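Colleague:
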Amino acid sequence: MSQLWNGLLSGLGTALSLFYDLIPSFGIAIMLLTVVVNLVVFPLTLKQTRATRAFQKIQPEVKRIQRELKEDPKAMQAEMIKVQREAGANPGGCLLPILVQMPVWFALFRVLNAPLTYIPAGSGLARLIESGGDHFLGMDLGTRVSQAVSDAASSNVFGALPYLALMALMVVAQFVQTAHAQPRLATASTDPQQRTQQKLTRIMPLFFAFISYNFPAGLVLYWTTSNIFRLLQQVLIFRMDGRPETMLPPAPTPAPAPAPEPPAVRPQPPSNKKKSRRRK
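Per the working numbering, residue 81 is the first one in the sequence shown, and the count goes up by one each step.
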């Protein structure tokens with residue numbers, strides 16, 4: 081396992097060096113690495129996006145099963161698994177491409193913390209880092225965002241602006257990407273599951289911003305580029321398969337019609353025979 085991890089670290093360092101030889105910019109090298117990683121996992125992204133959309137499409141059937149089999153949890157679970165399998169649905173499909181990239185993310189964190197350990201010695205990128213020239217758009221890509229903000233507070237306040245602007249771009253790009261993936265709602269949803277999903281869509285970008293505050297700026301640049309590229313991939317997938325259908329709120333169950341009242345019984349007048357008998 082350690083050999084695979086060390087191989088990934090060395091591979092990332094070599095890839096960054098090769099990209100720097102193509103375009104002599106450390107930031108551009110990180111962005112090119114991001115594009116290559118996302119292109120490699122694009123078939124998986126396409127498959128899982130379609131599986132997620134299939135899961136959204138069978139939601140009316142899932143709700144019907146939950147309503148009809150709520151007294152039998154085992155039968156309900158078995159029926160839901162059957163429906164999902166037949167439709168090729170996967171509720172967590174959008175997370176799998178991100179999980180696949182997590183080892184690359186953590187490995188890049190290690191590479192940026194100690195770049196000269198993993199970037200080939202004597203390469204153009206290694207000489208650039210040794211000379212202290214590994215800057216991009218006013219940022220030292222090996223410096224953590226929190227450290228840049230702390231240093232700016234004691235010296236130059238404007239020195240933290242590029243780091244904060246990059247984090248803001250990362251949040252906006254991820255919010256747009258996740259919101260674009262959700263089916264459009266005709267009205268405000270009252271379904272608890274959909275409301276929870278909408279809340280997660282708003283919270284997750286802020287969560288990533290929170291944890292990225294202590295990451296090197298180069299890693300934030302990787303994640304920002306990845307968000308933007310995944311959004312472009314998503315637009316391409318929607319052009320191929322169409323956008324998710326607009327989700328209408330479920331129609332309210334009609335109230336049962338009241339039972340018709342029995343007709344009122346009117347008293348019958350006495351017959352003529354009884355009257356004639358009385359006269360006699």
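Think of the CB as a built atom: it goes at the ideal place given N, C-alpha and C, for glycine as much as any other residue.
Quantities reported herein were computed from a predicted structural model and do not represent experimental measurements.
Could you have a look at Phe238 and say whether DSSP puts it in helix, strand or coil?
Modeller: It is helical.
Colleague: Starting from Asp214, trace the alpha helix (DSSP H) in both directions and tell me its first and last residue.
Modeller: Run containing Asp214: none; DSSP gives neither H nor E here.
Colleague: Alpha carbon to alpha carbon, what distance is there between Trp303 and Arg89?
Modeller: At residue 89 the sequence reads Leu, which differs from the Arg that was named. The alpha-carbon atoms of Leu89 and Trp303 are separated by roughly 18 Å.
Colleague: Quick one, which of Leu119, Leu113, Ser226 and Glu141 has its alpha-carbon nearest Pro242's?
Modeller: That would be Ser226, whose Cα lies nearest to the Cα of Pro242.
Colleague: Residues in its own chain within less than 7 Å of Leu149 by CB, not counting five upstream and five downstream?
Modeller: Same-chain partners within the cutoff: Ala155, Met156 and Glu159.
Colleague: Determine, using beta carbons only, whether Leu301 and Met111 come nearer to each other than 8 Å.
Modeller: For Leu301 and Met111, yes; Cβs fall inside 8 Å.
Colleague: Enumerate in chain order the residues of its own chain whose CB-to-CB distance from Ser82 is below 8 Å, with the five nearest sequence positions on each side excluded.
Modeller: Nothing listed; no residue qualifies.
Colleague: Could you spell out where the alpha helix (DSSP H) holding Ser82 opens and where it closes?
Modeller: That run of the alpha helix (DSSP H) goes Ser82 to Leu102.
Colleague: Tell me whether the beta-carbon of Gln257 lies closer than 8 Å to the beta-carbon of Arg319.
Modeller: Not a contact, by the Cβ cut-off of 8 Å.
Colleague: What does the Cβ neighbour count give for Pro104, buried or exposed, with the cut at 16 atoms within 10 Å?
Modeller: That one is exposed.
Colleague: Between the beta-carbon of Val229 and the beta-carbon of Ala240, is there less than 8 Å?
Modeller: Cβ atoms of Val229 and Ala240: closer than 8 Å.
Colleague: Just verifying my parser: in three-state terms, what is the DSSP assignment at Pro123?
Modeller: Helix, per DSSP.
Colleague: Could you tell me how far apart the beta carbons of Leu96 and Ile199 are, in whole angstroms, since I believe they sit closer than 8 Å?
Modeller: Right, their Cβ atoms sit about 6 Å apart.
Colleague: Measure the C-alpha to C-alpha separation of Phe135 and Val163 and round it to an integer number of angstroms.
Modeller: Roughly 9 Å between the two C-alpha positions.
Colleague: Opposite Met219 in the DSSP bridges: which residues?
Modeller: In the DSSP output, where bridge partners are listed per residue, Met219 has Phe216.
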